[in-house]
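Comments concern the structure below.
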Amino acid sequence: MRTVQVLGGGSAGSSAHVRSLAAGLVARGVRVTVCAPVDVDRAYDFGGSGAHHVAVPRRGDPASVATLRAACAGADVVHAHGLNAAVRAAIALGGQRIPLVVTWHTRAQVEGPRAHLVRLLERRAVKAAAVVLGTSSELVDRARSRGARDARLAPVALPAPSQHPGGPESKARAELGAVERPLLMAVGSLTPEQGYDILLDAAATWRALDPAPLLAIAGEGRERGRLQRRIDAEGLPVRLIGRRDDIAELLAAADIALLPSRWEARSVLAQEALRLGVPLVATAVGGVPELVGDAAELVPYGNAAALSDAVVRLLGDPDRREWLTTAGRAQAETWPTEDETIAQVLCVYDELAQAPRR
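In my numbering, the protein residues as written are 25 to 382.
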């Protein structure tokens with residue numbers, strides 16, 4: 025069997041999943057081609073998984089679509105990850121009887137006229153797909169509402185770490201300036217939908233604590249300059265530490281992990297925090313409640329007071345933090361493994377490859 029994996033923007037979650045999926049499929053004798061932008065391949069080394077990489081830009085111009093169409097020729101199944109990739113794959117496969125699988129890892133967070141355009145693109149993508157896989161129940165329902173003829177729940181496993189975070193936690197805390205104060209960690213692109221303004225509102229209330237916790241935010245994005253100016257102007261106990269390659273080590277050193285997002289499906293941060301046994305305070309949005317169960321403190325999105333109160337309560341309650349550590353690790357054990365994720369996807373491929381071509 026030969027499959028083609030198509031990535032568009034290449035978010036951290038979807039790119040890591042495709043890398044894991046490619047390695048697992050190759051190990052099972054499947055020939056895999058990954059069509060992704062050069063920078064995404066540079067970060068995830070799809071060739072190192074045994075797959076063949078074809079450089080396809082994020083653009084939907086005729087040349088990029090032609091490159092994608094050529095890469096898909098002769099494939100048994102094409103699997104697109106995300107809306108951008110799904111739409112381009114649907115166009116590239118026009119007139120060919122190659123089944124298309126689409127995985128929705130997340131959803132576009134847009135409003136106004138752009139929201140109407142996104143709905144049209146979503147309909148185009150799901151109607152072209154033989155099967156749509158949603159990483160959360162909400163995404164499966166969304167695909168069905170857009171006209172998917174076959175939508176299934178397919179939680180994506182976070183690739184297992186090569187080893188447990190090493191080195192003394194005190195080193196990470198010292199680097200961040202949190203040796204004798206609590207350390208709070210948030211991770212994600214510095215964009216409006218991540219909810220960092222709400223997080224900064226909450227951080228303003230933590231200045232009254234003794235000692236005041238330090239909030240470290242790892243990530244880059246277009247909001248960095250504005251957020252930094254606000255931190256400086258208000259004297260907030262917050263550090264923007266940029267893009268990091270040692271997120272697991274930083275999380276392991278934290279007292280609490282924070283996820284203030286407007287919407288998430290299967291948050292990588294939530295998975296990493298629970299797997300590491302780091303207490304998590306997160307917004308009750310999208311697939312987060314389904315993912316974490318009772319093993320995290322959930323608060324409404326946009327409610328800085330609720331977020332602040334949850335953190336203050338946890339900092340003052342070591343027994344509750346210990347309970348969340350145990351519960352988080354137990355919850356992580358209920359998630360599908362990489363092998364189970366790969367097996368489910370391969371089962372879908374086999375089903376489609378054996379079905380009569382329309």
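Glycine included, C-beta positions come from ideal geometry on N, C-alpha and C.
Only a predicted model underlies this, so the values are computations on that prediction, with no experimental measurement involved.
Distance, Cα to Cα, Arg166 vs Arg131? Those two C-alpha atoms are separated by around 9 Å.
Which two residues bound the contiguous beta strand (DSSP E) that contains Gly33? For Gly33, no beta strand (DSSP E) segment is defined, and its DSSP state is neither H nor E.
What is the rounded straight-line gap between the Cα of Arg344 and the Cα of Leu207? Roughly 17 Å separates the two Cα atoms.
Would you check if the distance between the CB atom of Val312 and the CB atom of Ala329 is smaller than 8 Å? Contact: no.
8 Å Cβ shell around Ala334 - same chain, five flanking residues per side excluded: Closer than 8 Å at the Cβ level, and outside the excluded window around Ala334, lie Val305, Glu321 and Val323.
Can you tell me the Cβ-Cβ gap for Leu331 and Ile222, rounded? I've got them flagged as a contact below 8 Å. Correct: roughly 7 Å between the Cβ atoms.
For Ala90, report the span of its alpha helix (DSSP H) as first-last. Bounds of the alpha helix (DSSP H) holding Ala90 are Pro86 to Cys96.
Verify whether the separation of the beta carbon atoms of His103 and Ser35 is less than 8 Å. Judged by beta-carbon spacing, Ser35 lies beyond the 8 Å limit of His103, meaning their Cβ atoms are not closer than that value.
Answer yes or no: the CB of Gly259 versus the heavy atoms of the ligand NAP, is any distance below 7 Å? This structure does not include the ligand NAP; it has no bound ligands of any sort.
Less than 7 Å between C-beta atoms, sequence neighbours within five positions excluded: which residues of the same chain meet that for Leu177? Answer for Leu177: Gly158, Ser161 and Val164, listed in chain order.
Return the first residue and the last residue of the beta strand (DSSP E) that Leu251 is part of. Premise fails: Leu251 lies in the alpha helix (DSSP H), Arg248 to Glu258, not in any beta strand (DSSP E).
Please return the same chain residues whose Cβ sits closer than 8 Å to the Cβ of Leu238, not counting the five positions on each side in sequence. The answer, listed in chain order, is Leu200, Gly201, Ala202, Arg205, Pro206, Leu207, Leu208, Pro261, Val262 and Arg263.
Quick one, are the C-beta atoms of Ala181 and Pro360 less than 8 Å apart? Their beta carbons are under 8 Å apart, which means Ala181 touches Pro360 by this criterion.
Check each candidate in Ala60, Asp100 and Val111 and name the one with the smallest Cα separation from Tyr373. Nearest in C-alpha terms to Tyr373, of all of Ala60, Asp100 and Val111, is Asp100.
Helix, strand or coil for Ile122? Go by DSSP, reduced to three states. Ile122 carries a coil assignment under DSSP once its states are collapsed to helix, strand and coil.
Per DSSP, what are the beta-bridge partners of Met390 in this structure? Outside the shown range of the chain (25 to 382) lies residue 390, about which nothing can therefore be said.
Reference Thr268, options Ala276, Gly243 and Val50, closest by Cα: Sequence check: residue 268 is Arg here, not Thr. In terms of Cα proximity to Arg268, the closest of Ala276, Gly243 and Val50 is Gly243.
So if DSSP puts Glu321 in a beta bridge, which residue, or which two residues, is it bridged to? DSSP, once it has assigned bridges, lists Val305 as partnering Glu321.
Helix, strand or coil: how does DSSP classify Leu359 here? Reading the sequence as shown, one finds Trp at residue 359 and not Leu. Coil, per DSSP.
Enclosing alpha helix (DSSP H) for Leu315 [first to last residue]: Bounds of the alpha helix (DSSP H) holding Leu315 are Val312 to Val316.
Going straight from the alpha carbon of His105 to that of Leu117, what length do you get? Answer to the nearest angstrom: the Cα atoms are 15 Å apart.
Cβ-based neighbour list, Pro384, same chain, cut-off 6 Å, excluding 5 preceding and 5 following: A query on residue 384 cannot be resolved here, the shown segment of the chain reaching from 25 to 382 and no further.
Do Gly136 and Val150 have their beta-carbon atoms positioned less than 8 Å apart in this structure? Not a contact, by the Cβ cut-off of 8 Å.
With distances taken between CB atoms, is the gap from Val111 to Thr91 smaller than 8 Å? It is not a contact, given that the beta carbons lie outside the stated cut-off.
Which same chain residues end up closer than 8 Å to Leu224 when comparing Cβ atoms and leaving out the 5 residues on each side of it in sequence? Its chain contains Leu251, Arg254, Ile255, Glu258, Leu260 and Val262 as the residues whose beta carbon lies nearer than 8 Å to that of Leu224, once the 5 sequence neighbours on both sides are disregarded; these appear in chain order.
Can Leu49 and Val42 be called in contact, C-beta distance under 8 Å? Not a contact, by the Cβ cut-off of 8 Å.
Check whether Leu315 and Ser285 have beta carbons under 8 Å apart: No. Outside cutoff.
Could you tell me the alpha carbon to alpha carbon distance between Ala364 and Met25, rounded to whole angstroms? The residue asked about is misnamed: residue 364 is Glu in this sequence, not Ala. Distance between the alpha carbons of Glu364 and Met25 is about 19 Å.
Since Val383 contacts Ala114 with CB under 8 Å, what's their CB separation in whole angstroms? The first residue shown for the chain is 25 and the last is 382, placing residue 383 beyond what the model contains.
Anticipated Cβ contact below 8 Å, Gly301 with Gly352, distance rounded: Rounded, the Cβ-Cβ distance is 6 Å, consistent with contact.
Give the straight-line distance between the Cα atoms of Ala319 and Glu357, rounded to the nearest whole angstrom. Those two C-alpha atoms are separated by around 12 Å.
Is the beta carbon of Tyr325 less than 8 Å from the beta carbon of Gly219? Contact: yes.
With which residues is Leu264 paired in a DSSP beta bridge? Looking at the DSSP output, Leu264 sits in a beta bridge with Ile241.
State the beta-bridge partners of Thr365 as determined by DSSP. For Thr365, which the question treats as bridged, DSSP gives no partner whatsoever.
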